[in-house]
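Working notes, structure below.
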Amino acid sequence: MKSTIAIDLGGTKIEYILSHDKLKTIEVRERVACEQFKGYEHLVDQITGIINNLLAKCPNGAVVGIGVPGANNPMTGLIRNSNIQTILNRPLKQDIETVVGQSISMDNDGLCFTLSEAIFGAGKDYNNVLGVILGTGVGGGLVIDKKPYSGRSGIACEVGHMTINFEGITCWCGRKGCFEAYTSGTATQQYYTSLTGESKKLAEIFTSAEQNVEPDLSIIQRLYAMLGQGIANLIMNLDPDVIVIGGGISNQPSLLTELKKHTSNYLFNKTLETPIVLNQRGDSSGVFGAALLAQTNL
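Just add 4 to wherever you are in the sequence shown, counting from 1, and you've got the working numbering.
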């Protein structure tokens, strides 16, 4: 039996695991700092070094899965839609495969999150699972009948960049009115600064909102309204069996109640029948989803 190597690439960290029995037990699980600031070639060396070290522990070989911010364009082989500038428009998958000498599976980290939750976590009792990650940015993924779905162009469920206001805020991607430009943690903090001229961490804004302090309360209510509009759009377009919410914003106690209320306001039928639940795998979702992605090649 081939072993499984999985890597979750983030802006500040790289998490990786090694399993010899399809994730029943984990022999190696570690996190190291992501050194993207040292340049693309160094990052490729860092990732391939991890893979080669783990391959040395696999006498029967291994499948390799990697979750990345952004998507590998199947038409060009280049990474796109990534907030890690180091890998943007680079043939990351091909360059890694050249060094390690074998094919690998690579896809969006939001899809890896969703796949992990669909198989191991909050979506395991459902066939079609939509994942939405609300954190520094906004991402997502779709799993249909327990299989990851990336779409023809590899951009299925780039939920952060669906437009909710075509005349709205300019997103980092260059388009206007993206969902992420209104609902990410970064966007919420920037909106606070635009109103007050001061800086405040997202957790502090939530705390003040719970105490009915303005403008924090209005900012968080605006956030929930925008989230409701976006989630309602996703339900009306995809109608999934369940929506699993992840990311740092998912840790807010008021999120599910407010999200369900505001989503109902924007639905075509005014009745929210879709379960919206919190993730169960937490920080584990990304790397375990990458492992599941790799195992589709077994």
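Glycine included, C-beta positions come from ideal geometry on N, C-alpha and C.
A distance below 7 Å between beta-carbons, with the five flanking residues on each side excluded, links Thr197 to the following residues of its chain, in chain order: Ser203.
In this structure, the straight-line span from the alpha carbon of Ala37 to that of Gly234 is close to 33 Å.
Between Thr190 and Thr140, the gap from beta carbon to beta carbon is short of 8 Å. Going by DSSP, Glu19 is part of the beta strand (DSSP E) stretching over 17 to 23.
In this structure, the CA atom of Ile173 is about 46 Å from the CA atom of Lys28. Judged by DSSP in its simplified three-state form, Met166 adopts coil rather than helix or strand. Put simply, the backbone Cα of Ile100 is about 44 Å away from that of Tyr270. Taking Ala294 as the centre and dropping the five residues before and after it, the same chain places the C-beta of Ala10, Ile11, Asp12, Gly69, Ile70, Gly71, Cys116 closer than 7 Å to its C-beta, in chain order.
The DSSP-derived three-state label of Arg285 is coil. Here Ser288 has Ser120 as same chain residues with Cβ atoms under 8 Å from its own Cβ, once five neighbours each way along the sequence are excluded. Per the Cβ contact rule, the region 44 to 57 is in contact with the region 17 to 24 (3 or more Cβ pairs under 8 Å).
Secondary structure at Glu277: coil, using DSSP grouped into helix, strand and coil. In the three-state reduction of the DSSP assignment, Thr261 falls in the helix class, which pools H, G and I. With a beta-carbon spacing of about 6 Å, Lys6 and Asn64 fall inside the 8 Å limit used to define contacts. Using a Cβ distance threshold of 8 Å, Lys97 and Gly74 do not count as a contacting pair. Judged by DSSP in its simplified three-state form, Glu202 adopts coil rather than helix or strand. Contact between Thr187 and Leu227 holds: their C-beta atoms lie close to 6 Å from each other, under 8 Å. DSSP places Arg179 in the coil class of the three-state scheme, outside both helix and strand. If the five residues before and after Thr90 are omitted, its C-beta is found closer than 6 Å to the C-beta atoms of Gln40, Tyr44, Leu47, all from its own chain and listed in chain order. Here Gln256 is buried, its C-beta having at least 16 other C-beta atoms within 10 Å. Taking Thr278 as reference, the option from Ile55, Leu59, Arg84, Val133 with the minimal CA-CA separation is Val133. Within its own chain, the residues whose Cβ lies closer than 6 Å to the Cβ of Ser268, once the five positions on either side in sequence are excluded, are Leu276, listed in chain order.
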